[in-house]
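One structure below.
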Amino acid sequence: NGVNIQATCDAHCWFTSLSVICPGGSSDSKSFYASKLYNLVSQLPDGFFVVGDNAYTSSHTLLIPYSGVNKQNQAKDAFNFFLS
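Using our numbering, read the sequence shown as starting at 29 and increasing by one per residue.
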């Protein structure tokens, strides 16, 4: 009986938002799309973005690292380096 927690933090690692609306068996992506956080992230102005892990889908406002065979590409590996 767990819960899926979606949380964000700022550059100083202080929590800035928290969503606890889905059961623990829910995927991170499903829980993200069900939360108010999704609307906030999708409406960020140009030049602003959130960094997530590869459990999510990349967009103009949500950046995720490349994984698997994709990260073997030198440009994508460099992207992952600077994203982290």
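From the three backbone atoms N, C-alpha and C, an ideal C-beta is built for every residue, glycine too.
These figures come from a predicted structure and were not determined experimentally.
Taking its Cβ as the centre, do 16 or more other Cβ atoms sit within 10 Å of residue i, making it buried, or is it exposed?
i   : result
G53 : exposed
G80 : buried
Can you check whether the CB of residue j is closer than 8 Å to the CB of residue i?
i    : j   : result
V48  : V69 : no
F77  : L91 : yes
L65  : Q34 : yes
S112 : P93 : yes
Roughly how many angstroms lie between the CA atoms of residue i and residue j, to the nearest whole one?
i   : j    : result
P51 : Q100 : 35 Å
T85 : Q71  : 16 Å
S59 : L46  : 12 Å
F43 : G96  : 30 Å
Below 8 Å on the Cβ atoms is my contact criterion, and I expect residue i with residue j to pass it. Report the Cβ-Cβ distance as a whole number of Å.
i    : j   : result
D105 : A83 : The Cβ separation is near 20 Å, so there is no contact.
What span of residues does the alpha helix (DSSP H) with residue i cover, start to end?
i   : result
V97 : Careful: V97 lies outside any alpha helix (DSSP H) and carries neither H nor E.
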